[in-house]
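Residue numbers (this note's numbering), protein chains in the order written: chain Y, 51 to 308; chain P, 195 to 516; chain R, 7 to 313.
Glycine included, every Cβ here is placed at the ideal spot set by N, Cα and C.
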Amino acid sequence: MSTGLELKDVSISFGGLKAVTDLNFSISPGELVGLIGPNGAGKTTVFNLITGVYTPTSGRISFNGDSVSSRKPEGITRMGIARTFQNIRLFPSLSVLDNVRAAMVMHLKHGILHSLTRGPAFLKEEGSVEDEAMDLLDIFGLKDACHANAKSLNYGDQRRLEIVRALATRPKLLLLDEPAAGMNPSEKDDLMKLIRFIKDRYNLAVLLVEHDMKVVMGICERIAVLEYGRKIAEGTPKEIQSHPKVIEAYLGAAAVVG
Amino acid sequence: MKRYTTQIVLLVVVLLSLGISVLSGKFDAYYMDIALNVGINIILAVSLNLVNGHTGQFSLGHAAFMAVGAYGASIFTLEMSARLMPMLGGPGVFATGFAFLLALLVGGLCAAVCGWLVGMPSLRLRGDYLAIVTLGFNEIVRVILQNTSGDGVFGGPLGLKGIPPLTTFFWVFAIAAICVYVVGSMVSSTYGRGFPAVRDDEIAAGSMGINTVRYKVTAFVVGSFFAGLSGGLYAHLRTTISPEGFNFLKSFDVVVIVILGGMGSTAGVIIAAIVLTVLNEFLRDFEQYRMLVFSILLIVMMIVRPQGLLPSFPILNRKKSA
Amino acid sequence: MDQFLQQLLNGLFQGSIYALIALGYTMVYGVLRFINFAHGDVFMLGAFTALGLHKLMGPTLASLPWPVSLLIVLLVSMTLCAALGIIIERLAYRPLRDRPRLNVLITAIGVSLFIEYSAQLLFGATQRPFPDLIPRTAIANAGGLTISVAQVIVLVTTLALLAGLRIVVMKTKMGLAMRALSLNPTASTLMGVNNSVVISFTFGLGSALAAAGGILYASLYPSIEPFMGIQPGLKAFVAAVLGGIGNIPGAALGGLIIGVTETLVKGYGQELGIPSGYSEGVAFVLLILILVFKPSGILGRVEREKV
């Protein structure tokens, strides 16, 4: 019985194009893993496979022993896998707080009929949801903006809100798709600290797709490298930095030869 | 006490409408009639707003659900009421009222079932396709009703007549108040945040563990239920109904109210329902210009102010955190 | 058997008109990804401009051989309606080009209602007789089938217009630009395509076809009124979805399928216990079935949202 996330011989093709080929890859509970690769290597496709947006053409994805590949995205989130999106996908018409509240729906003890009573139990649950949401927003410095419209936030705050929203689903595995994109160096430093902080505080496994090597090398315990949908290397940041195949993928064959 | 403000307001509105109902003889019948139309349109618009506005599932078939409710309730009244009366202790205010309530519920439930039937296959469809499918459903309902036998319970193309005029101010506004309460409470709760989440970004909503299918179906079923109730009220107000009265132009009427009021804004939609219904009444002599004005309003609104004429604000205040 | 063939033929004639209207829906959808609800109303205006033209220059038209006067009426109406389509796009749809699709759909409903009620104001709500632009004589066939001249002309005109459209889209520069815009609007701009001109052209072309459809329809059912475009318009839209929206041969195929199914239900439904009146609902039942089982339509391709 395996624990954590496991991808076994996972492939997907769109039309004739193989976007991911025979990918084997796993993340143990509490591990912080980086997924890197040149543009178009299939990193986001891997995210979409894990979160059920795409179904693999072949292979098996499991989480804590349960199959992921047959479930819909919401079912996978209920298993404890949450994600952020590379091209930010907040709920633009909702407030910052409501974006987080929306992500807590699946943890409510009562259904929609409960809201019609507006009785003590309902009000109590509403209160505790709001407290939990505010706590999360506080960690990411978004508490003061909680009533602002989500789309009115600046780019960095929108990325942070995406992480808060994903955390609100109480995941065991958090997938971050380029969380540092568009942030300045000091924001990136803060983000690295925050990722470590939430990982420890919520006992999370984290899979990080990121282009900024400083961020990836700075916080990941292990890194996998994709090129043309295949895994070409896997190891500690140190091993990856000196791996000839990785250098070739990023800089071209000439860099290795010359 | 303060935390139950909403329930108290609901109760006050219901009692108030009962009071007005009892005194209805003292009011001008013409204005009472307009008021009843206003109430029915509030129910229609607020329930459609749940589907089109809050959940973003653009339906063009609301009149079909109204038709199902109208026919369901009328047939129940015409076929069953007489038989029920002895069981309820003979004709009296209570028995008549109870039988009417049953009729309305039958109509509402029939409409809700239809909402579920339409909602299920339509869930996979994006906005504009859904609009056409619901419009198609509207046409199918009309065609089916029109092709029923003239001697049967559905009355064929001429529809039903001689429906007892049971709809009073009380029934209309009590149901309107309940409709606003139900939709408002649902949408403003944490659970209800799923509705606008589905509207804003379905993929993100799914990734946040929100069961998008359940939300869409819930919106359709609840929306259709109230449309069905309004149909029953309408039938027992006008005393005659025909399939042609529920064609898709009737659906467009409700859509216009929702759009002018602001999709997703309950208060805006209520105000729009009041203003447009009253306006309709005064423009009755200019019937041919009425739709012309509305159509121009629709076009200009979409270009200038697509969010509706009023700013959006929640009608039911949420509890602030401690 | 003869009767069956007759029904089949009637269905084909009916369907070829749906096909003409469906082409306009499909082209606009292909290029702009939205449903031009007002398309069925341009169809209605096509019939009314023909009627107006006939009123204005009836004696002149009558003095010409009927194919020539038919051609004149067709061309003038198509040109007028093309201009109208371009104006509609410019005034109502262009300001919304980057807005949510739902807003555009609502605007289209507004435009549709606007045209219908303006027409009602201008022409009155009553049914008006449509002049016989095509002789209403029947060509009796040896096989016992009856086909009228009008029906033959409808079919021939439709085929000619279809072929013409195919040439425009596949062989001309403008057609190439339309296809490019349909695939990727941003990229087509970068390649030097003037998207606004292409969109105007698409609307013009679609509206011209709708106008032709209106005139042919009115020639088969010679009584016209301001709301006559709603039902054929909706059915043509269903035809476009059935064939795979955005796909030109698909729209033609969809139109024929709906025309034939409708006629068959009208002719034979009774034997299966389906009242002939249900034929009006056939298109919508087909629509729901196709969307549930193959939402991309018969010849359409699946579109995938990028995440």
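Opposing strand residues paired with residue i [DSSP bridges]
i, result
"R:Ser229", "R:Pro135"
"Y:Val275", "Y:Ile86, Y:Ala283"
"Y:Arg133", "Y:Leu225"
"Y:Leu55", "Y:Ile77, Y:Phe113"
"R:Ala144", "R:Ser154"
"P:Ile435", "P:Leu354"
"R:Leu168", "For R:Leu168, which the question treats as bridged, DSSP gives no partner whatsoever."
"Y:Ile62", "Y:Val70"
"Y:Ser108", "Y:Ser61"
"Y:Asn199", "Y:Ser145"
8 Å contact criterion, which residue i and residue j should meet: CB distance rounded
i, j, result
"P:Val472", "P:Trp310", "Between P:Trp310 and P:Val472 the Cβ distance is about 34 Å, and since that is not below 8 Å, they are no contact."
"R:Tyr24", "R:Ile264", "5 Å"
"R:Leu29", "R:Val266", "About 18 Å; that fails the 8 Å criterion."
"Y:Ile269", "Y:Ile297", "Wrong, their Cβ atoms sit about 21 Å apart, outside the cutoff."
"P:Ile357", "Y:Val103", "Actually they are not in contact, since the Cβ atoms of P:Ile357 and Y:Val103 sit about 51 Å apart, beyond 8 Å."
"R:Leu26", "R:Leu167", "6 Å"
"R:Phe54", "R:Ala125", "7 Å"
"Y:Arg133", "Y:Leu254", "Actually they do not touch by this definition, with Cβ atoms about 12 Å apart."
"Y:Ala152", "P:Met402", "6 Å"
Same chain, Cβ closer than 7 Å to residue i, neighbours up to 5 away in sequence not counted
i, result
"R:Gln276", "Ser282"
"Y:Met242", "Val265, Gly268, Ile269"
"P:Val366", "Leu230, Gly233, Ile234, Leu427"
"P:Ile214", "Phe363"
6 Å CB neighbourhood of residue i in its chain, flanking five on each side removed
i, result
"Y:Gly87", "Lys93, Val275, Leu276, Glu277"
"P:Asn511", "Because P:Asn511 sits at a pLDDT of 37, beneath the cut-off of 50, its placement in the model cannot be relied upon, and the point is left open."
"Y:Arg272", "Val83"
"R:Glu231", "Gln133"
"R:Gly287", "none"
"P:Pro285", "Met279"
"P:Gly388", "Ile404, Tyr409"
Sequence-distant residues of the same chain with beta carbon closer than 8 Å to residue i, five excluded per side
i, result
"R:Leu111", "Phe40, Ile41, Phe43"
"R:Gly306", "Gly249, Gly250, Ile251, Gly252, Asn253, Gly256"
"Y:His160", "Ala171, Phe172, Glu175"
"P:Lys513", "The predicted model places P:Lys513 with a pLDDT of 36, which falls under 50 and marks its position as unreliable; any figure quoted below should be read in that light. Cβ within range, chain order: Arg197."
For residue i, the first and last residue of its enclosing alpha helix (DSSP H)
i, result
"Y:Asp181", "170 to 189"
"R:Val117", "107 to 129"
"Y:Ala91", "Premise fails: Y:Ala91 is in no alpha helix (DSSP H) and is neither H nor E."
"Y:Lys238", "235 to 251"
"P:Thr471", "460 to 476"
"R:Ser83", "72 to 94"
"P:Arg484", "481 to 498"
"R:Glu277", "It is not in any alpha helix (DSSP H) - R:Glu277 carries neither H nor E in the DSSP assignment."
"P:Arg387", "It is not in any alpha helix (DSSP H) - P:Arg387 carries neither H nor E in the DSSP assignment."
"P:Ser215", "199 to 216"
"R:Gln9", "8 to 38"
"P:Tyr323", "321 to 340"
Span of the beta strand (DSSP E) around residue i
i, result
"P:Gly255", "That residue, P:Gly255, is in no beta strand (DSSP E); it is neither H nor E in DSSP."
"R:Ile153", "152 to 154"
"Y:Ala255", "255 to 259"
Residues of the region 325 to 345 of chain P in Cβ contact with chain R at a cutoff of 8 Å, in chain order, please. Ala325, Ile326, Val327, Leu329, Gly330, Phe331, Glu333, Ile334, Val337, Ile338, Gln340, Asn341
Given a limit of 8 Å on CB to CB distance, which residues of the region 286 to 307 of chain R reach chain P? Glu286, Gly287, Ala289, Phe290, Val291, Leu293, Ile294, Leu297, Val298, Pro301
When you check each C-beta in the region 391 to 407 of chain P against every C-beta of chain Y, which residues fall closer than 8 Å? Within the region 391 to 407 of chain P, the qualifying residues are Ala391, Arg393, Asp394, Asp395, Ile397, Ala398, Ala399, Gly400, Ser401, Met402, Gly403, Ile404, Asn405, Thr406.
Against chain Y, which members of the region 374 to 392 of chain P pass a CB distance test of less than 7 Å? Val376, Ser379, Met380, Ser383, Thr384, Tyr385, Gly386, Arg387, Gly388, Pro390, Ala391
Residues from the region 166 to 183 of chain Y in contact with chain P, defined by Cβ distance under 7 Å: Leu166, Arg168, Leu173, Glu176, Gly177, Val179, Glu180, Asp181
Return the residues of the region 196 to 207 of chain P that lie within a Cβ-Cβ distance of less than 8 Å from chain Y, sorted by chain order. Arg197, Tyr198, Thr200, Gln201
Positions along the region 92 to 117 of chain Y whose CB lies within less than 9 Å of some CB in chain P: Cβ contacts with chain P: Thr101, Gly102, Val103.
Members of the region 249 to 269 of chain P that neighbour chain Y once the beta carbon cut-off is set at 7 Å: none
Scan the region 80 to 113 of chain R for residues whose Cβ lies nearer than 9 Å to a Cβ of chain P and list them as they occur along the chain. If the cut-off is 9 Å between Cβ atoms, the region 80 to 113 of chain R has Leu97, Ala98, Pro101, Leu102, Arg105, Pro106, Arg107, Leu108, Asn109, Val110, Leu111, Ile112, Thr113 near chain P.
When you check each C-beta in the region 118 to 148 of chain R against every C-beta of chain P, which residues fall closer than 7 Å? Of all residues in the region 118 to 148 of chain R, those with a C-beta nearer than 7 Å to a C-beta of chain P are Leu119, Phe120, Tyr123, Ser124, Gln126, Leu127, reading in chain order.
Residues of the region 135 to 147 of chain Y with a CB closer than 8 Å to any CB of chain P: list them in chain order, please. Phe135, Arg139, Leu140, Phe141, Pro142, Ser143, Leu144
Counting only Cβ-Cβ distances shorter than 7 Å, please list the residues of the region 227 to 250 of chain Y near chain P, keeping chain order. none
Short-range partners of chain P found in the region 230 to 261 of chain R, where Cβ spacing is below 8 Å: Those residues of the region 230 to 261 of chain R that come within reach of chain P (Cβ to Cβ, closer than 8 Å) are Leu240, Phe243, Val244, Val247.
Between the region 20 to 42 of chain R and chain P, which residues of the former have CB atoms less than 7 Å from a CB of the latter, in chain order? The residues in question are Phe40, Ile41.
Just by C-beta distance, which residues in the region 163 to 179 of chain R are closer than 8 Å to chain P? none
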